[in-house]
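Enquirer: Numbering (this note's numbering), first residue to last: 2 to 316.
C-beta atoms are modelled at their ideal positions from N, C-alpha and C, and glycine is treated no differently.
Take this structure first; my questions come after.
If you want it as structure tokens, here you go:
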């Protein structure tokens, strides 16, 4: 009698577990389906093809505040047509300061920065990748918001304080983009993260000084979170100096010093000396230069530099 009761209890227990697990799986599947359905489904199925993914993040010089009309005036008609038409092997899903959002992967081209008439580093990244690897497929995931800081808004879980709301939104956006690519049957590998940020941390000595620890924790947390998508050698982190403009970025030197020190902590970390390369923020618009944001050719060059550093980690 006791044995029969035990067997019945055991049977009910295992049935309950199976039903519960099935329910969880169905709920998770439903959530994933909702995420996938929120994308404009512009991509063909990948049929298991391996693809390289690049994440682009930061504040306004990542989001894109360089004017497309000045780019058009500064390059040849042939060049601009190529940019405008987009790159057939480089796709991007972008969120630019909540003013310009693609809601799905589209060919990387002009006007994918803020407000639609601007562009960011993605264009130069795509140009260089297309030039060197014309037959290889790449996906850029850009999530950037102008005027934002690392000490609070982008603060990652390992740093002291409450995890930043922008950090959480960024993670969710990238996760959903990767989930969509997996759904389309692409074998995804994150090659690197390109980071253009720090201006908003340069207004105080404390925030500029703390930038080193905050950035180091940010990088570690991103690598941990995206580890399952990591390329064989790990995820490269490509950073860039902010402009040497103390009238705007008061303690730019401390922020850039922090960036340099973090770049020496891992052979997978790199920082681009944008000032050494002569990137400018002083020429456009001609009548009243926007001293906070890169001129069009400098923005294009920044993207090229990001790609050149990323390529060094490709296998």
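What is the C-beta distance between residue 242 and residue 194, in whole angstroms, given that I count them as a contact (C-beta under 8 angstroms)?
Expert: Actually they are not in contact, since the Cβ atoms of residue 242 and residue 194 sit about 16 angstroms apart, beyond 8 angstroms.
Enquirer: With 16 as the cutoff for other CB atoms within 10 Å, does residue 115 come out buried or exposed?
Expert: With 16 or more Cβ atoms within 10 Å of its Cβ, residue 115 is classed as buried.
Enquirer: Mapping DSSP to helix, strand and coil, what is residue 89?
Expert: In the structure shown, residue 89 sits in a strand (DSSP, three-state: E or B).
Enquirer: If contact is defined by three or more beta carbon pairs under 8 angstroms, each pair taking one atom from either stretch, is the stretch 60-68 in contact with the stretch 190-210?
Expert: Cβ pair count under 8 angstroms is three or more, so yes.
Enquirer: Tell me, which residues are paired with residue 190 by DSSP?
Expert: For residue 190, which the question treats as bridged, DSSP gives the partners 53.
Enquirer: Mind checking who residue 271 pairs with in its DSSP beta bridge?
Expert: Per DSSP, 239.
Enquirer: So, with DSSP's three-state summary, where would you put residue 101?
Expert: DSSP places residue 101 in strand when its eight states are reduced to three.
Enquirer: Which one or two residues does DSSP pair with residue 263 in a beta bridge?
Expert: Paired residue(s): none; residue 263 is not in a bridge.
Enquirer: For residue 67, does the three-state DSSP call read helix, strand or coil?
Expert: Correct three-state label for residue 67: strand.
Enquirer: Output the distance between the C-alpha atoms of residue 151 and residue 55, rounded to the nearest integer angstrom.
Expert: Taking the straight line from one Cα to the other gives about 20 angstroms.
Enquirer: Out of 220, 40 and 138, which one is the CA nearest neighbour of residue 58?
Expert: It is 220.
Enquirer: Leaving out five residues on either side along the sequence, give the residues of the same chain with a beta carbon under 7 angstroms from the beta carbon of residue 251.
Expert: 203 and 204.
Enquirer: Under a Cβ-count criterion, where at least 16 other Cβ atoms within 10 Å of its own Cβ denotes burial, should residue 122 be classed as buried or exposed?
Expert: Buried is the call here.
Enquirer: If I follow the unbroken alpha helix (DSSP H) through residue 219, where does it start and stop?
Expert: Its alpha helix (DSSP H) spans residues 206-226.
Enquirer: Could you work out which residue in 157, 181 and 101 is closest to residue 170 when comparing CA atoms only?
Expert: Among 157, 181 and 101, the Cα nearest to that of residue 170 belongs to 157.
Enquirer: State the start and end residues of the unbroken beta strand (DSSP E) segment that holds residue 142.
Expert: That run of the beta strand (DSSP E) goes 139-145.
Enquirer: Starting from residue 76, trace the beta strand (DSSP E) both ways and give me its first and last residue.
Expert: No beta strand (DSSP E) holds residue 76; DSSP gives it neither H nor E.
Enquirer: Rounded to the nearest angstrom, what separates residue 159 and residue 145 at their Cα positions?
Expert: Looking at the two C-alpha atoms, the distance is approximately 21 angstroms.
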